[in-house]
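Report on the following structure.
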Amino acid sequence: MTTGGEQRDQRMFDTILVPTDGSPGSERAFEAAVALARTHDATVHVLSVVDKHGPTDDWDYDGDSPAAAFIESQADHVDSEGLSVASAVREGVVHDAVLDYADENAIDLIVMGTHGRTGVRRFLLGSVTEKIVRLADVPVLSVKADAEPGTISFDDILLPTDGSSGAEAAIEPTGTLASETDATVHLVSVVDTRSLGVDVGSSVIVDELESVATDAIGDASDRLAELGVGTIETAITHGTPYRAILDAIEDADADLVVIGTHGRTGIDRYLLGSVAEKLVRTSPIPVMTVRASDAGEEQ
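Numbering (the UniProt record's numbering), first residue to last: 1 to 299.
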């Protein structure tokens, strides 16, 4: 855990980036970005990238850039009145262009659409979201293309934790969101019993794992309270982490999952193994992934 002297300032979502290819996934991402922008008085940047190395879709616009045309097309069903919304076009390798734009414009959050249940490699713009989730220095919010329009809310946030540096990275963004919206944060830690045998009820190993889970829940709860979160619910469950978290989503009627990742080591080093990857692929609700800083990563 980070000590009090090492704590960073609480991150605010003042600038939000939505990469778009004009797809339904982009539309749902824009809706989520606008919902967050209203809460945080943020500027929404809409970016389209012309990929020189692949085919580009035909854009339905006349005179304006694809990003500007996309913003205009959303005006009828996404109320962005009063918000600062900017458009931009870049050319190059798509994920590099998105990450470069985020860095150059001090973006606090990237919001991207996904294509239903077809997996991480069928995200918006091919495998771009996968690469951005792995490499972005800021949180990435993935929103499914088949989400119901106009239903984006963040009243109940699920935060899985195992006490690792990756899990710790997700606490601050969760606290930022929840304190601004008076959301309830549902903390869950999963005791992974997959490889412990049949009779694990009285196992010393399970007791030790439960102790670790209890400590992780307690530490995260204390930090969230410091960040101004008023309502925190906690639970320790047993089973396969990925399935247990999906069950927790349903039990909490959660609107959002926030989960941490580990440094630059790629998607296979997510919190709880490959759980975050699976959640981004199949979660019925939006998933925010937060990459742990390189300095805080354990070797």
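Every residue, glycine too, gets a C-beta built ideally from N, C-alpha and C.
For residue i, count the other beta carbons within 10 Å of its own beta carbon; 16 or more makes it buried, fewer makes it exposed. Which is it?
i           : result
Gly-113     : buried
Asp-162     : buried
Asp-58      : Residue placement at Asp-58 is poorly supported in this model, since its pLDDT is 48, which falls under 50; the coordinates still yield a value, given next. Asp-58 is exposed by the Cβ-count criterion.
Pro-173     : buried
residue 309 : Past the boundaries of the shown model lies residue 309; the chain is included only from 1 to 299, so the question cannot be answered.
Ala-225     : exposed
Val-111     : buried
residue 300 : No information on residue 300 is available, as it lies outside the stretch 1 to 299 that the chain covers here.
Ala-69      : buried
Glu-168     : buried
Val-290     : buried
Val-204     : exposed
Phe-123     : Legend: pLDDT at Phe-123 = 37, less than 50; position of this residue unreliable, value from coordinates given subsequently. So Phe-123 ends up on the buried side.
Glu-130     : buried
Glu-277     : buried
Only counting the same chain, and skipping five residues up and downstream in sequence, which positions put a Cβ closer than 8 angstroms to that of residue i?
i       : result
Ala-244 : Val-188, Val-190, Thr-237 and His-238
Ala-97  : Leu-47, Val-49, Arg-90 and Glu-91
Tyr-101 : Leu-17, His-45, Leu-47, Ala-88, Arg-90 and Ile-107
Pro-24  : Gly-113, Ala-145 and Asp-146
Ala-86  : Thr-43, Val-44, His-45 and Val-46
By Cβ distance, which residues of its chain are closer than 6 angstroms to residue i, with the 5 residues on each side in sequence left out?
i       : result
Ala-147 : Arg-28
Pro-284 : none
Ala-35  : Ile-152
Ile-171 : Ala-220 and Arg-223
Thr-240 : Arg-194
Met-288 : Pro-139, Leu-141 and Val-258
Compute the beta-carbon to beta-carbon distance between residue i and residue j, rounded to the nearest angstrom, for a pair I have assumed lies under 8 angstroms.
i           : j       : result
Gly-175     : Ala-292 : Not really, about 16 angstroms apart at Cβ, beyond 8 angstroms.
Ala-183     : Ile-157 : 5 angstroms
residue 338 : Ser-179 : The structure shown does not extend to residue 338, since the chain is modelled only from 1 to 299, so the question has no answer here.
Pro-286     : Val-143 : 5 angstroms
Note down, in chain order, each residue of its chain lying with its Cβ closer than 7 angstroms to the Cβ of residue i, except the 5 sequence neighbours on either side.
i           : result
Val-94      : Val-49, Asp-51, Leu-125 and Val-128
Ile-217     : Thr-161, Leu-187, Ser-189, Thr-234 and Ile-236
Ala-33      : Ile-16, Val-18, Val-44 and Val-111
residue 308 : Outside the shown range of the chain, which is 1 to 299, sits residue 308, and nothing can be said about it.
Nearest by alpha-carbon distance to residue i: which of the options is it?
i       : options                               : result
Glu-31  : Pro-241, Met-12, Pro-66 and Leu-83    : Leu-83
Val-206 : Ala-216, Asp-215, Thr-193 and Ala-75  : Thr-193
Thr-43  : Ala-68, Ala-75, Arg-223 and Ser-80    : Ser-80
Asp-253 : Thr-39, Phe-154 and Val-290           : Phe-154
Val-138 : Asn-105, Ile-217 and Gly-218          : Asn-105
Asp-103 : Met-288, Ile-132 and Val-275          : Ile-132
Asp-247 : Thr-231, Leu-279 and Gly-230          : Leu-279
Gly-230 : Asp-251, Ile-71 and Thr-181           : Thr-181
Ser-73  : Asp-41, Ser-26 and Leu-99             : Ser-26
Phe-13  : Leu-177, Val-290 and Glu-130          : Leu-177
Val-275 : Tyr-242, Glu-130, Ile-71 and Glu-250  : Tyr-242
His-40  : Val-143, Asp-251, Leu-109 and Arg-134 : Leu-109
Leu-159 : Ile-232, Ile-71, Leu-99 and Val-78    : Ile-232
Do residue i and the ligand NAP come close, with the Cβ less than 7 angstroms from some heavy atom?
i       : result
Val-128 : With respect to the ligand NAP, the structure shown offers nothing to examine, as it has no ligands at all.
_Using 8 angstroms as the cut-off, can you tell me whether the stretch 35 to 52 makes contact with the stretch 11 to 25, which would need three or more C-beta pairs spanning the two stretches below that distance?_
yes
*asked:* With three or more beta-carbon pairs closer than 8 angstroms as the criterion, would you say the stretch 210 to 228 touches the stretch 251 to 259?
replied: no
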